[in-house]
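*Asks:*
In UniProt numbering, the protein residues as written are 1 to 709.
#1: When DSSP builds the beta bridges, which residues end up paired with residue 341?
#2: With DSSP collapsed to three states, give me the class of residue 542.
#3: Can you tell which of 259, 283 and 289 has its C-alpha closest to the C-alpha of residue 312?
#4: Between the Cα of residue 51 and those of 549, 26 and 68, spot the shortest distance and give me the residue it belongs to.
#5: Residue 588 and residue 550 look like a contact to me (Cβ under 8 Å); what is the Cβ gap, rounded to whole Å?
#6: Helix, strand or coil for residue 71, going by three-state DSSP, please let me know.
#7: Could you tell me whether the Cβ atoms of residue 164 and residue 261 are closer together than 7 Å?
#8: Suppose you measure from the CA of residue 666 to the CA of residue 658; what does that come to, to the nearest Å?
#9: Would you identify the three-state DSSP class for residue 581, choosing helix, strand or coil?
#10: Please report the straight-line C-alpha distance between residue 651 and residue 363, rounded to a whole angstrom.
#11: When the Cα atoms are used, what is the spatial distance from residue 84 to residue 162?
#12: Starting from residue 289, follow its DSSP beta bridges and name the residues at the other end.
#13: What residue range is occupied by the uninterrupted alpha helix (DSSP H) comprising residue 492?
#14: By the DSSP assignment, the beta strand (DSSP E) with residue 402 in it spans what residues?
#15: For residue 563, report the span of its beta strand (DSSP E) as first-last.
#16: By a C-beta neighbour count over all protein chains shown, 10 Å radius and 16 as the cutoff for buried, is residue 151 buried or exposed?
#17: Which same chain residues end up closer than 7 Å to residue 13 when comparing Cβ atoms and leaving out the 5 residues on each side of it in sequence?
#18: May I have the straight-line CA-CA distance separating residue 413 from residue 275, to the nearest angstrom?
#19: Could you check the C-alpha separation between residue 278 and residue 304 for me, to the nearest Å?
#20: Flag this pair as yes or no: are the beta carbons of residue 35 and residue 115 separated by less than 7 Å?
#21: Classify residue 38 as helix, strand or coil using the three-state DSSP reduction.
#22: Residue 333 to residue 430, Cα distance in whole Å?
#23: Pull up the DSSP beta-bridge partners for residue 418, would you.
#24: Using the rule of at least 16 other Cβ atoms within 10 Å of the residue's Cβ for burial, across every protein chain shown, is residue 647 buried or exposed?
#25: Give the secondary structure of residue 117 by DSSP, where H, G and I count as helix, E and B as strand, and everything else as coil.
#26: Go through its chain and collect everything with a Cβ distance to residue 258's Cβ below 6 Å, but skip five positions before and after it.
#27: I'd like to confirm the pairing. Which residues does DSSP put opposite residue 220 in its beta bridges?
#28: Given residue 700, which residues of its chain have a CB within under 6 Å of its CB, disregarding the five upstream and five downstream residues?
#29: Go to residue 635, then tell me how far its beta strand (DSSP E) extends in each direction, as first and last residue.
#30: Counting Cβ pairs, one atom from each stretch, are 3 or more of them under 8 Å apart for the region 394–401 and the region 416–423?
#31: In chain order, which continuous runs of the alpha helix (DSSP H) of length 4 or greater are located wholly inside the UniProt domain "PAS" (198–272)?
#32: Going by CA-CA distance only, name the one from 361, 592 and 256 that's closest to residue 686.
#33: Could you compute how far the alpha carbon of residue 53 sits from the alpha carbon of residue 63?
#34: Below 8 Å, can you find three or more Cβ-Cβ pairs linking the region 141–157 to the region 67–76?
#35: Could you give the residue range of the alpha helix (DSSP H) that holds residue 24?
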């Protein structure tokens, strides 16, 4: 450093720049341009190591005393300052092209950046070789080294020199900035002194803050200073606080312990501002909550950690109370067996219980985006009904309706919905619950059907007995009539002869008038009526059959086998061409039953399915019956499903009624499903139901109590 005569010292070149970094820049520049390069002091003393020096200059010219002296003089000339641009001239020691630019600091020449050692093709070799004799170098070695020198046109070399000049100016500006930075540092020190002088004022402010303030050593974490509020809140004197560590001011239960505090301080020391909640402990052992902020700061001229802590115990308690209240409310909501919901005035779902997710299949995130109408967008009739129910909320203060809710999988479920209006924080809502009534509806229909069947059974029994007596007389009379008209007995011939005609003549008359066929028709009709009456009595009679454990899968397969060999089914419907699919569960419990009766039920269901499919257009679809058997808790469920024409709601509601049939006259009595109903419900204490809609086939479901395992 050199003195400027005013007490300060002027910086030299080495103190302004990182010489290693400068060397890398010089080497890169020389390699990129193909020239030699060197940075020297104004007197020609090298500051950096030569870059890309040719053998002629480095090993021959500079190895001679005269050549070395001429090189230094030439370097000094090249470094003179020229504001118009770089200095470009032949070298004073050898004649190769050289260039230079000076580096300045506030008008003071501090260094030269030199390049060169290139030969222009226009330069005469003999003139260059003559310099070998001047400096006393070997002429032949000089010639060989000269041939290795980089050849570059003067114009190209001047462009490289111009780039050098720009870089030298850049370094001059950098030197200026470094000098200014040093001035600023000196100014900062003066400011720091003024800050120290204002320590008393700082202390006044420090102690007047209503939050707890701590000053920590960033290296050790030690407490260096605290304000008055910290002493009051923790219950220690200042001298005591300065002897404590963070662990003695914390609950000590992770994460509120010394280790976690150390991590927060380490991050803050790296410049990352920290903000977190902390469980603190006062001198008397009581615990309280604080919101803590840690940041790095310069205090008293040193790096410190400034910690501010605000008591949030009251806020925390209120937050915990709110969380407990929410947990309590959520527990009540989630305990509701059905759907619980809260919609805003725009119809957006804003609150719901867990059952809402479980029953509908939608996630919490999906429900948060749903509106009331999303549940019914594929059913305009249901949507209209729900909209009217919503309108009644505002008019009547309450609304209730039934609705088919669409689940995520596309299925629908019948619910009974209620709703009441609410106003929360000035906003309008309506809340309510939805109870799944699909099973209750099914049971209601089943009970109504059972009651109806019991009433019909009583009427049927009376009718059967009333019809049976005269029908027996008719059948007996027909039997006697046929015996006396067509029997070949002596008494018949005697009676005919007594009347003046033969028995053959009488029979010829009967045949001529077709009375024999009429009598046969009367007999067949009476016999059919007798069978109907017998079925009616069987329908009404309480079964007393013995129940034995059976596998319903075996009974189903046997029923299929019997149907396949049934003459009527084979002749009319070709049952064997129907595709039978079986979906049987494994390890199915046994069912206490009368096997023949269950077979009769299954055969009835199979026949009905075959007959229904034979009457409907197939559209290329093969007729198919699907048999299913599975466990359902204490019951075994059996399904017989077809892909036939299905049935309307009216037909479905009457399908188990006696004498109700959709078949053509003479094809059925309408008692098959009625008898099946009583076999299942009365004899086996089970249940039977049907699910069907037009065009979607029919599915009969039989549920039977199983044998306990």
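Where is the CB? At the ideal position from N, CA and C, for every residue including glycine. Just so it is clear, the structure is predicted and the values come from calculations on it, not from any experiment.
*Replies:* With the structure as the only source:
#1: Residue 341 sits at position 341 when you count from the first residue of the chain shown. Its beta-bridge partners are 352 and 432.
#2: Here residue 542 is taken as the residue at index 542 of the chain shown, counted from 1. Below a pLDDT of 50, predicted positions are generally treated as unreliable, and residue 542, at 49, falls in that range; no measurement from the model is reported.
#3: For the purposes of this step, residue 312 is identified with residue 312 of the chain shown, where counting begins at 1. Looking only at 259, 283 and 289, the smallest Cα-Cα distance to residue 312 is reached by 289.
#4: Residue numbering aside, residue 51 sits at position 51 when the chain shown is read from its first letter. Ranked by Cα distance from residue 51, the first of 549, 26 and 68 is 26.
#5: Within the chain shown, residue 588 is the residue found at index 588, counting from 1. Within the chain shown, residue 550 is the residue found at index 550, counting from 1. Wrong, their Cβ atoms sit about 11 Å apart, outside the cutoff.
#6: Here residue 71 corresponds to residue number 71 of the chain shown, with the count starting at 1. Helix, per DSSP.
#7: As a working mapping, residue 164 is identified with position 164 in the chain shown. As a working mapping, residue 261 is identified with position 261 in the chain shown. Using a Cβ distance threshold of 7 Å, residue 164 and residue 261 do not count as a contacting pair.
#8: Translated into the one-based positions of the chain shown, residue 666 becomes position 666. Translated into the one-based positions of the chain shown, residue 658 becomes position 658. Bear in mind that the predicted position of residue 666 carries a pLDDT of just 49, short of 50, making it too unreliable to give a figure here.
#9: As a first step, residue 581 is located in the chain shown; it is residue number 581 there, counting from the start. Taken through DSSP and simplified to helix, strand or coil, residue 581 comes out as strand.
#10: Locating residue 651 in the chain shown gives position 651, counting from the first residue. Locating residue 363 in the chain shown gives position 363, counting from the first residue. The straight-line gap separating the alpha-carbon atoms of residue 651 and residue 363 is approximately 39 Å.
#11: On the chain shown, residue 84 is found 84 positions in, with the first residue counted as 1. On the chain shown, residue 162 is found 162 positions in, with the first residue counted as 1. Rounded to whole angstroms, residue 84 to residue 162 spans 10 Å at the Cα level.
#12: Locating residue 289 in the chain shown gives position 289, counting from the first residue. Residue 289 is bridged by DSSP to 279.
#13: By 1-based counting over the chain shown, the position of residue 492 is 492. Taken as a continuous stretch (DSSP letters only), the alpha helix (DSSP H) holding residue 492 covers 490–498.
#14: Position 402 of the chain shown holds residue 402. Start and end: 399–406.
#15: Here residue 563 corresponds to residue number 563 of the chain shown, with the count starting at 1. Per DSSP, residue 563 is not a residue of any beta strand (DSSP E); the alpha helix (DSSP H) it occupies stretches across 552–565.
#16: Counting from 1 along the chain shown, the entry for residue 151 is found at position 151. Looking at its Cβ environment, which holds fewer than 16 other Cβ atoms inside 10 Å, residue 151 is exposed.
#17: What you label residue 13 is simply residue 13 of the chain shown in a count that begins at 1. Hits under 7 Å: 41, 47, 110 and 111.
#18: Looking up residue 413 in the chain shown gives position 413. Looking up residue 275 in the chain shown gives position 275. Distance from the CA of residue 413 to the CA of residue 275, rounded to the nearest whole angstrom, comes to 51 Å.
#19: Reading the chain shown from its first residue, position 278 is the one you call residue 278. Reading the chain shown from its first residue, position 304 is the one you call residue 304. When rounded, the distance between both Cα atoms is 21 Å.
#20: Taking the first residue of the chain shown as position 1, residue 35 is located at position 35. Taking the first residue of the chain shown as position 1, residue 115 is located at position 115. For residue 35 and residue 115, yes; Cβs fall inside 7 Å.
#21: For the purposes of this step, residue 38 is taken as residue 38 along the chain shown, with counting starting at 1. Residue state, collapsed to three classes: strand.
#22: Along the chain shown, read from residue 1 onward, the residue named residue 333 stands at position 333. Along the chain shown, read from residue 1 onward, the residue named residue 430 stands at position 430. If you take the alpha carbons of residue 333 and residue 430, they lie about 15 Å apart.
#23: Sequence index remark: in the chain shown, residue 418 carries index 418 (1-based). DSSP lists 400 as partners of residue 418.
#24: Along the chain shown, read from residue 1 onward, the residue named residue 647 stands at position 647. The residue in question, residue 647, is buried, as its Cβ has 16 or more Cβ neighbours within 10 Å.
#25: Residue 117 sits at position 117 when you count from the first residue of the chain shown. Collapsing the DSSP output to three states places residue 117 in a strand.
#26: Start at 1 with the first residue of the chain shown, and residue 258 comes out as number 258. Residues of the same chain with a CB within less than 6 Å of the CB of residue 258, apart from the 5 flanking positions on each side, are 246 and 247 in chain order.
#27: Within the chain shown, the letter at position 220 stands for residue 220. Answer by DSSP bridge pairing: none, since residue 220 is not bridged.
#28: Looking up residue 700 in the chain shown gives position 700. The answer, listed in chain order, is 605, 640 and 690.
#29: Position 635 of the chain shown, counted from the first residue, corresponds to residue 635. Start and end: 635–642.
#30: They touch, by the three-pair rule.
#31: Runs found: 199–208, 228–234, 238–241 and 258–269.
#32: Here the question's residue 686 lines up with position 686 in the chain shown. The candidate whose alpha carbon is nearest that of residue 686 is 592.
#33: Translated into positions along the chain shown, residue 53 becomes position 53. Translated into positions along the chain shown, residue 63 becomes position 63. Approximately 13 Å, taken between the alpha carbons.
#34: The region 141–157 makes no contact with the region 67–76: fewer than 3 CB pairs, one atom from each, lie closer than 8 Å.
#35: Taking the first residue of the chain shown as 1, we reach residue 24 at position 24. Looking at the DSSP string, the run of the alpha helix (DSSP H) that includes residue 24 is 19–33.
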